[in-house]
Structures are given as C-alpha cells and as structure tokens.
Amino acid sequence: DATVGYLPFSRASIGSFFQQQPELKNPFLEDALLRGYLKRHLPSQEVFSDLSTFGERVAKEVDGWGRECEVNPPRLLHFDPWGRRVDHIVTSAAWKRMKDLSAQEGLVAIGYERTFGEWSRVYQMSKLYIFSPSSGLYTCPLAMTDGAAKVLQSTGVSWPVEEAYSRLTSRQPERFWTSGQWMTERRGGSDVASGTETVAIPQTDGSYKLHGFKWFTSATDADMTLTLARIQDRTGATTPGSKGLSLFYAEVSRDKDGLLQGIEVQRLKDKLGTRQMPTAELLLDGLPLSEEGRGVASIANMLTITRIHNSISAVAAMRRQYSLARDFAARRTAFGKLLKDHPLHMQTLSRMEVETRAAFLLAMDVGRLLGREESGLASQQDAHLLRLLTPVVKLYTGKQVCSLCSGCCEVGTQIPSVLSHTSSFHFFIPQVLSIWEGTTNVLSLDVLRSSSVTNFLSSLSPAVKAIDSALSELETFLQDAATRKPAYLEQAARDLAYSLARIYAGALLIDHACWKGASHLDTYAALRWCEQDLCVVAAKQRTGCYDSSTASLDAAMVYE
Ligand code: UCC
Ligand code: FAD
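Going by full-length UniProt numbering, the first residue of the sequence shown is number 49, and it counts up by one from there.
Shown next, in the form of structure tokens:
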C-alpha cells in the first residue's frame, strides 16, 4: 500500500518526534556559584585548571562508568566451581576504574596533602562535588576512606596503622586502599550502644579476635575497616552500653588465591537506589585489633568526615538534577513555546536554584571550617561551629536533596527515565542520604549534644541584619527552653536544627552577596531565601506544640 509510508503511527512507524534529551556538560564550567566561590576564596590557576579538566573528564568519560556501575551491580559468589566457600564479591570493571581514578585524582589525598593550606578541604570537596553524581556512588567508599584516614591520623598508633594511613591517602592506584565503616548491627543503627553485640576476645599476643555480625557494610570490597566491639574480660563478661564499646582496626585480608580470611559475606543487600554498591552482612572472625579506645568518641572523627561528604554529595545531586532540568527547559516545548519561556516554569526553577545555592554554601562552609581546623587556624568559635554545623548541614541537605530531586522529576517529567541513561545518580538514591550516617532525628539530637549552640548564636548575631529577628527569636526560644525540662528541647530538636540551617544559610548567602565579585543575582538569591520562615522553632513554639501534653497526643494519634 503506497499510502502507509505517510501515516505516522502505522505498523512499525512510531512517529517522527523524539524529544531531545538534556545534555550533561562540564559540571565545573556550568556552575557559576562554584566558580564564584572558588574565585573568592581560592583563586588559584592550578585549582581552576584541574577542576576544569576534571569536569570535562567527568562529563565525557566518568559519567559512563557511573552508568556501568549501575547496570552491572556487584554480585556475590559464595562458592567456587569446586564447592569451596569463597565469598567473592565481583564488581564491575567500571567500579574498579573508579578506584584507580580516585587515587590518581587525589580525591582523598588532596585533604591530607594540604597543598592549599586551609583551603585544601574546599578544593577536595569541590572535586568530589563535581565527581559525585557521576561516580556510581563511589563517593560512598571514598567518604569512609577519608573518615578512616582522619581517625588513623589521630590515633598516633604506628605499624600497621601508619602503613594503612599512607595507603588510604595515596595517589598511586596500586597502593590505594579504601576503608569500610562497620557500625550497624541487627538491633539498629542509631542506638549503636545498645545495638553492638560484637565481642573482642583478647589474644596472648595483644591482638583481639572479633566475633559478630555486621548488618550493613557498604562497599564491602574495602581493604580495611574501622569497627566497634565489646572487649571480653577473662570471665567472658562485657560492659554494656556506650562505655563498653571500643574501636578496632581490621584489615580485610585475602589469601594468595583471593579468598577472604575470617569473614563470611552472608549476602549483598537488595537496597533501593544503591544496588551498584556492594553492601553485605558479615561474620567477623579473628581480625586483629589495632586500637582499643573509647569506641563512640573515637569513631566520631570518622562521623564528622563522612557526614560532610554526605552533605557534599547531597548538594552535588541537587545541582546535577537541577542542571538537567534547566537544560531540558531549553529543549522542551509546551503550549507553543519552550518551557524556559513560561515565567511560571522559570519561577519554579529559580526557587530550586535558590535552594541549591543555600545548600551549596552550607556544605562548603563546613568544608572550610574543617580545613581551618586541620591547618591549626581555627579559633575556638570555628571549632564550635564545625561541631555544631556538621550534623545541621548533613540533616538539612539530606532532606533538601529529596525534595529538590522530587521537584526535578516533575519539572522535567522525562528526566527520571532519561537519568538512568545519562547519569548514574538514580533519582531514588537521594533518599539514602538522609538515613545513613545518622537520620534526621538522631542528628538533631546530636545538635543538642554539641554544647556550642549558645556560643554560635552570640557570635553570629552581628553577621547580618536581615536575619536579626530570626536570631533573636531563636535566642528567646533557647532561653525559654533552658528553663524547661530536657524533654521540651528534645521535642523541638528537629525544628531547632532546621532553624539553625536556615538562619546560617541565610547568613552565608548574604555574606556571599556582599563579596565584591558577587552579582545582583547573588543578592536576589539571598533575598528570596530570607523570605521564608527562618526560625521555624519559634513559630512552632507559639502553637504550644512542644508542650508535654502534645507528646502523649502525638503518640495517641499515631496509634489510633
Ligand atoms: O551509615 C554508615 C555508612 C554509610 C555509607 C557511607 C556514606 C557516606 C556518605 C556518602 C555520600 C555519597 S555507617 C553508620 C553510621 N552510624 C551513625 O551515624 C550512628 C548514628 N547514631 C549516632 O550518631 C548517635 O548519636 C551515637 C551512636 C553517636 C550515640 O551514641 P551514644 O553512645 O549514646 O553517645 P554518647 O554517650 O552521647 O556519646 C559518647 C561520646 C561522648 O563523648 P564523651 O564521652 O567524651 O563525653 C560524645 O560527646 O561520643 C561523643 N560523640 C561525639 N563527638 C558522640 N557523637 C559525636 C559527634 N558527632 N562528634 C563528636
Ligand atoms: P533506627 O535506628 O531503627 O531508627 C528508625 C527511626 O527512628 C529513624 O527515623 C530515626 O530517626 C528514629 N529514631 C531513632 N532514635 C530516635 C530518637 N532517640 N529520637 C527520635 N527519633 C529516633 N551502617 C554501617 O555501619 N555501615 C555501613 O556501611 C552502612 N551502610 C548503609 C547503607 C545503606 C544503603 C543504608 C540504608 C544504611 C546503611 N547503614 C550502614 C546503616 C545506617 O547507618 C542506619 O540505617 C542508620 O544509622 C539508621 O539506623 P536504622 O536503620 O537501624 O534505624
């Protein structure tokens, strides 16, 4: 039939229109705020040219590896063809390339080489920020590796820990090691003190054998790990609670045939959004002790680092999703014009831009403070701020990324499916950023634990006029809360943490807008941010929602 060829939907013909997909461009060159931030704080040609080259490589090459990590998730081979138990975790070639790349690019090393003094962490975080959405979640092992290096550096223990430290911070792929962080057991991840059943049995040579079951061990292909256990005394007794926990260093050793020594990998977790990463349950047996200490307090250094990495990855995901949505708006037509020519659509995107900018400045500021502390330049106030802001920024950006990515799915309704073909940062992944390394509530309680809330307030007050009233509301709230029972502040913890994040982000946005290189759009972003309710906790307090009666009503309603 001669007419069939002209009918667009007949037989195998599927029509002539195909939507142009959003394009991933060099994430460094595409990001005005990142470049402005660095121009302001670290105006180094070497850094600019490294980030620019790396950004190109990420867009052109690494992003494809990230996709490969996603489509070829790790597999666990329990037995070899001869029936021997091998527990071999088979990872993709791309995952291995990520490891080599991480070493070559110094993604952990930069933080320890300190070539750029107090700004070295900002440089490292900028590079991770560019890398993260294309990394196939390799940023997860890198975060733990960085955290472990930080802990090892602070222990002062010599061999084999010194050797491990040099491997974690190496730029040579053949020497580079990654680390795990094995804290969570089956009873639960937040309350580590009650959850840890693993015991450490002293050996005659001063080492320990660890027996336990770790329930979550992301990136199980690590070369070493830091983990918690309870030391048994001669009678086999252990001390319960937090005080009974010690921190251990353990190498994940394999024999000459590659068989795991003293570890059984039970299974790989089948987890939403992070399947490309080997996560396993392990039975630990006979791993040597490297350090016996105050477990929770000792691993806190690692938590600080991994929580900062988490914040950077959250912001990076926001920026990436947003960039794709922005690019899509210039390609997609609806109601006769491009999406970018619909003012309402632009308003939606511009609100996302403000959200992303605020999140970026929060995360980078924690990196800045970390760099100051590590270079010995931190004032007492800087140290307090770092302790306070680490959980605040982790919990806040962990939630922002979920809501922004959800919004991006709507503004570019084709992006979710496109994403699995153009970016490994699958749109479900953001959810995990608010769970691991401490959930929102647990981190809100950590904000209360850090005793620096009051110092922070008095020092920040003069920083910016526009948020003065939010600050004084916050101050009034805290003064009032101090006169009440601890349960009152606990009820308010999450809103308090949110208030700190919003007010501090507002201060940073204003500060950035005051920089001589800033544009009128930086001012605009700051103004837009400060329009929202900054001091949530004061507004909620006025409704009486932290009063003792509400706790029982909450529970009654939840279980009605
Ligand atoms: O999830 C995990 C890995 C995921 C994969 C890696 C992703 C990385 C990002 C990737 C981006 C793509 S590993 C599991 C993470 N688990 C957690 O985060 C646990 C969450 N729970 C908490 O954080 C709790 O607050 C606990 C476990 C810390 C609470 O324990 P305790 O025993 O009840 O705490 P205490 O008794 O209040 O504190 C014990 C000591 C105290 O010091 P001293 O004894 O000197 O007074 C605390 O001040 O530890 C100190 N401490 C801290 N110090 C507790 N938390 C901190 C802290 N954050 N910083 C400094
Ligand atoms: P629970 O501790 O049972 O908490 C459940 C809920 O109760 C949360 O919403 C929490 O906020 C709330 N809650 C708990 N306590 C309080 C309180 N006092 N007040 C108010 N609310 C509270 N762990 C590792 O050690 N190593 C890993 O490598 C690792 N990788 C992971 C990978 C993935 C993909 C995931 C999802 C988790 C991983 N974890 C890992 C575990 C992770 O750290 C825990 O899931 C997390 O700490 C929360 O613990 P939980 O899931 O047991 O929740």
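Idealized CB from N, CA, C, for every residue including glycine.
Span separating the alpha-carbon of residue i from that of residue j
i	j	result
residue 188	residue 362	12 Å
residue 444	residue 210	35 Å
residue 351	residue 358	10 Å
residue 249	residue 229	20 Å
residue 251	residue 257	7 Å
residue 231	residue 370	34 Å
residue 562	residue 570	9 Å
residue 150	residue 580	39 Å
residue 505	residue 523	Bear in mind that the predicted position of residue 505 carries a pLDDT of just 39, short of 50, making it unreliable; the figure below should be weighed with that in mind. Straight-line Cα distance between these residues: approximately 7 Å.
residue 472	residue 284	Low confidence applies to residue 472: its pLDDT is 40, below 50, so where it sits in the model is not reliable, and the reading given next is rough at best. When rounded, the distance between both Cα atoms is 48 Å.
residue 403	residue 377	18 Å
residue 122	residue 576	44 Å
residue 554	residue 480	26 Å
residue 240	residue 313	21 Å
residue 116	residue 183	10 Å
residue 215	residue 141	21 Å
residue 602	residue 594	11 Å
residue 259	residue 246	5 Å
residue 261	residue 420	38 Å
residue 106	residue 303	35 Å
residue 157	residue 72	27 Å
residue 166	residue 423	5 Å
residue 517	residue 608	39 Å
residue 353	residue 360	11 Å
residue 266	residue 136	15 Å
residue 316	residue 574	45 Å
residue 426	residue 133	51 Å
residue 604	residue 578	36 Å
residue 598	residue 397	38 Å
residue 515	residue 585	15 Å
residue 233	residue 223	30 Å
Within 8 Å, strictly: CB atoms of residue i and residue j
i	j	result
residue 408	residue 81	yes
residue 560	residue 459	no
residue 197	residue 217	yes
residue 173	residue 415	yes
residue 529	residue 541	no
residue 74	residue 109	no
residue 532	residue 70	no
residue 295	residue 278	no
residue 243	residue 194	no
residue 310	residue 400	no
residue 90	residue 76	no
residue 405	residue 79	no
residue 85	residue 412	yes
residue 590	residue 486	no
residue 227	residue 274	yes
residue 181	residue 365	yes
residue 549	residue 449	no
residue 446	residue 492	no
residue 186	residue 146	yes
Residue from the options whose Cα sits closest to the Cα of residue i
i	options	result
residue 495	481, 434 and 287	434
residue 624	446, 498 and 448	No information on residue 624 is available, as it lies outside the stretch 49 to 608 that the chain covers here.
residue 168	418, 524 and 566	418
residue 609	64, 164 and 569	Absent from the model: residue 609. The displayed extent of the chain is 49 to 608, so no value can be given.
residue 582	547, 607 and 130	547
residue 596	479, 535, 556 and 483	535
residue 270	287, 299 and 276	299
residue 565	520, 87, 68 and 282	87
residue 520	483, 551 and 537	551
residue 235	387, 208 and 263	263
residue 276	345, 203 and 225	345
residue 349	388, 488, 201 and 134	201
residue 255	306, 208, 342 and 438	208
residue 484	442, 585, 457 and 584	442
residue 452	65, 221 and 478	478
Residue-chain proximity (residue i, chain B), Cβ-Cβ < 8 Å
i	result
residue 76	The structure shown has no chain B; it contains just one protein chain.
- Message: Please give me, in chain order, every unbroken run of the alpha helix (DSSP H) with length at least 4 that falls completely inside the segment 397 to 442.
- Response: none
- Task: Any chance you could list the alpha helix (DSSP H) runs of at least 4 consecutive residues sitting entirely within the UniProt domain "Acyl-CoA oxidase/dehydrogenase middle" (229 to 333), in chain order?
- Result: Correct list: 240 to 243.
- Task: Ignoring anything shorter than 4 residues or poking outside the segment 69 to 107, list the alpha helix (DSSP H) runs there in chain order.
- Result: Whole alpha helix (DSSP H) segments, 4+ residues: 80 to 89 and 93 to 105.
- Quick one: complete beta strand (DSSP E) runs, 3+ long, within the segment 504 to 565? If we require 3 residues or more, the segment 504 to 565 turns out to have no beta strand (DSSP E) run fully inside it.
- Message: As an exercise, report each continuous beta strand (DSSP E) stretch of at least 3 residues that is fully enclosed by the segment 127 to 202, in chain order.
- Response: You should have 133 to 138.
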